[in-house]
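Only one structure is covered here, and it is reproduced in the block below.
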Amino acid sequence: MKQRLILSFSGVCLILLCSSWGFFAHYRINKMAVYTLPKGMIFFYKANIDYIVKHAVSADKRRYVDSTEAPRHYFNADHYGKKPWAAMPQKWADAAAKYTADTLDKYGTVPWTIQYQYYKLVRAFKAHDTTAILNTSANLGHYVADAHVPLHLTQNYNGQLSNQTGIHALWESRIPELFGDKYNYKVGRARYIENPLAEAFRICRASFKSVDTVLRFERMLNKTFPSDKKDSMVMHGKKPVKDYSETYALAYQKMMKGMVERQMRASILSVGSFWYSAWVDAGQPDLSRLMP
Numbered sequence: 009m010k011q012r013l014i015l016s017f018s019g020v021c022l023i024l025l026c027s028s029w030g031f032f033a034h035y036r037i038n039k040m041a042v043y044t045l046p047k048g049m050i051f052f053y054k055a056n057i058d059y060i061v062k063h064a065v066s067a068d069k070r071r072y073v074d075s076t077e078a079p080r081h082y083f084n085a086d087h088y089g090k091k092p093w094a095a096m097p098q099k100w101a102d103a104a105a106k107y108t109a110d111t112l113d114k115y116g117t118v119p120w121t122i123q124y125q126y127y128k129l130v131r132a133f134k135a136h137d138t139t140a141i142l143n144t145s146a147n148l149g150h151y152v153a154d155a156h157v158p159l160h161l162t163q164n165y166n167g168q169l170s171n172q173t174g175i176h177a178l179w180e181s182r183i184p185e186l187f188g189d190k191y192n193y194k195v196g197r198a199r200y201i202e203n204p205l206a207e208a209f210r211i212c213r214a215s216f217k218s219v220d221t222v223l224r225f226e227r228m229l230n231k232t233f234p235s236d237k238k239d240s241m242v243m244h245g246k247k248p249v250k251d252y253s254e255t256y257a258l259a260y261q262k263m264m265k266g267m268v269e270r271q272m273r274a275s276i277l278s279v280g281s282f283w284y285s286a287w288v289d290a291g292q293p294d295l296s297r298l299m300p
């Protein structure tokens with residue numbers, strides 16, 4: 009029985025790990041990003057909010073059918089030495105010339121993926137292509153949100169190198185699912201982004217600064233928390249599985265002083281800002297013409 013529980017717990021961690029922020033968080037981030045948009049955009053996005061929310065996780069689902077998808081969700085900065093941001097050129101051609109495209113693909117491409125999706129959205133706006141606008145907006149929102157997750161910026165993405173396997177799902181899925189309904193998602197209005205690639209790297213760099221805190225605090229908590237209260241049986245769908253207990257997740261959240269909420273809030277504002285900036289760069293097309 010114990011072995012089956014361990015296997016179930018591992019399975020849940022694997023599923024959630026493959027789900028980036030976790031479905032709950034991605035849905036919520038894309039939804040709330042809509043409300044950061046200006047008058048010339050918000051009516052169109054609100055009219056299509058169900059699509060934007062539903063497809064917030066399409067990028068994760070593609071991992072199961074597209075072997076090239078996974079690297080688009082992360083950037084293992086620590087692979088590139090102690091000063092990765094100084095070492096890594098921001099332009100793809102320069103980075104590939106220095107490290108090879110294969111190396112970049114192996115250790116993650118999320119900042120360049122954000123740039124690619126951004127200009128794809130600009131083109132969709134210019135073409136007045138409703139389907140492309142909605143699909144690309146949903147995908148861009150996903151990748152921007154992923155860049156805000158500290159564990160997407162390190163080779164120790166699931167604590168597998170520090171005997172903390174499962175921390176990925178705890179941080180970005182379990183905590184938001186348990187406490188996300190109490191978070192404050194009012195983040196203000198979207199702002200114009202002058203340089204999308206530089207902004208993508210800025211987000212990644214800021215997230216990377218929190219990697220040590222994410223890992224160190226969970227390690228400290230695990231040493232002092234009663235071992236018999238760390239896990240609990242949780243319903244995932246119709247199946248009871250072993251997962252982190254609510255009390256453990258709450259204690260971890262308190263240690264981090266609301267980091268998960270802050271990163272979700274930052275994600276919301278960034279997603280809205282990338283959408284808004286793409287619309288501006290496309291010449292602020294009249295989206296009312298795209299309404300049914």
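Numbering follows the working numbering, in which position 231 of the sequence shown is assigned residue number 239; successive positions increment by one, without gaps.
Cβ coordinates follow ideal geometry from the N, Cα and C atoms, glycine included.
Between the CA atoms of Lys231 and Pro46 - distance to the nearest angstrom: Those two C-alpha atoms are separated by around 48 Å.
Whole runs of the beta strand (DSSP E) within the region 253-287, excluding any shorter than 3 residues: List check, beta strand (DSSP E) in window: nothing returned.
Span separating the alpha-carbon of Asn203 from that of Ser281: When only Cα atoms are considered, Asn203 and Ser281 end up about 12 Å apart.
Closer than 7 Å: Lys99 CB and nearest the ligand HEM heavy atom: As for the ligand HEM, it is missing from this structure, which has no ligand bound.
Residues near Lys114 by beta carbon distance below 8 Å, same chain, minus five either side: Pro79, listed in sequence order.
Spatial distance of Val130 from Asn56 (CA atoms): Taking the straight line from one Cα to the other gives about 18 Å.
Candidates Met96, Lys194, Gln123, of which the one nearest Lys39 by Cα: Considering only alpha carbons, the answer is Lys194.
Cα-Cα separation between Ala67 and Asn147, rounded to whole angstroms: One C-alpha to the other measures close to 6 Å.
Where Ser278 falls, given that 16 or more other Cβ within 10 Å makes a residue buried: It is buried - the Cβ of Ser278 has at least 16 other Cβ atoms within 10 Å.
Residue nearest to Ala140 in terms of C-alpha spacing, selected from Ile60, Ala105, Ala85: Closest by alpha carbon: Ile60.
Which listed residue (Val219, Leu223, Glu269) has its alpha carbon closest to that of Asn84: Among Val219, Leu223, Glu269, the Cα nearest to that of Asn84 is on Val219.
Best match in Thr221, Thr117, Met299, Val222 for proximity to Ser205 [C-alpha to C-alpha]: Looking at the sequence provided, one finds Leu at residue 205 rather than Ser. Of the candidates Thr221, Thr117, Met299, Val222, the one whose C-alpha sits nearest the C-alpha of Leu205 is Thr117.
Rounded Cβ spacing between Glu226 and Tyr260 (contact assumed at less than 8 Å): Between Glu226 and Tyr260 a beta carbon distance of about 6 Å is seen, short of the 8 Å cut, so the two are scored as contacting.
Asn166, buried or exposed, once every other Cβ within 10 Å from all chains shown has been counted against 16: Flag for Asn166 reads buried.
Cβ-Cβ separation, Ile37 to Met272 (assumed contact under 8 Å), whole Å: 6 Å between Cβ atoms; contact.
Anticipated Cβ contact below 8 Å, Pro158 with Val222, distance rounded: Confirmed, about 5 Å.
Top-ranked residue by Cα proximity to Lys238, from Gly196, Gly174, Trp120: The shortest C-alpha separation from Lys238 is found at Gly174.
Contact check, Ile201 vs Ser145, beta carbons under 8 Å: Result no, Cβ atoms of Ile201 and Ser145 do not sit closer than 8 Å.
Distance, Tyr107 Cα to Ala64 Cα: Whole-angstrom Cα-Cα distance: 31 Å.
Between the CA atoms of Arg71 and Ser16 - distance to the nearest angstrom: Unreliable positioning characterises Ser16 in this predicted model, as indicated by a pLDDT of 39, which lies under 50. The coordinate reading is nonetheless provided below. Pairing Ser16 with Arg71, the inter-Cα distance amounts to about 21 Å.
Every unbroken alpha helix (DSSP H) within the region 94-127, with a cutoff of 4 residues, ordered by chain: Segments of the alpha helix (DSSP H) lying fully in the region 94-127: 100-107, 109-115.
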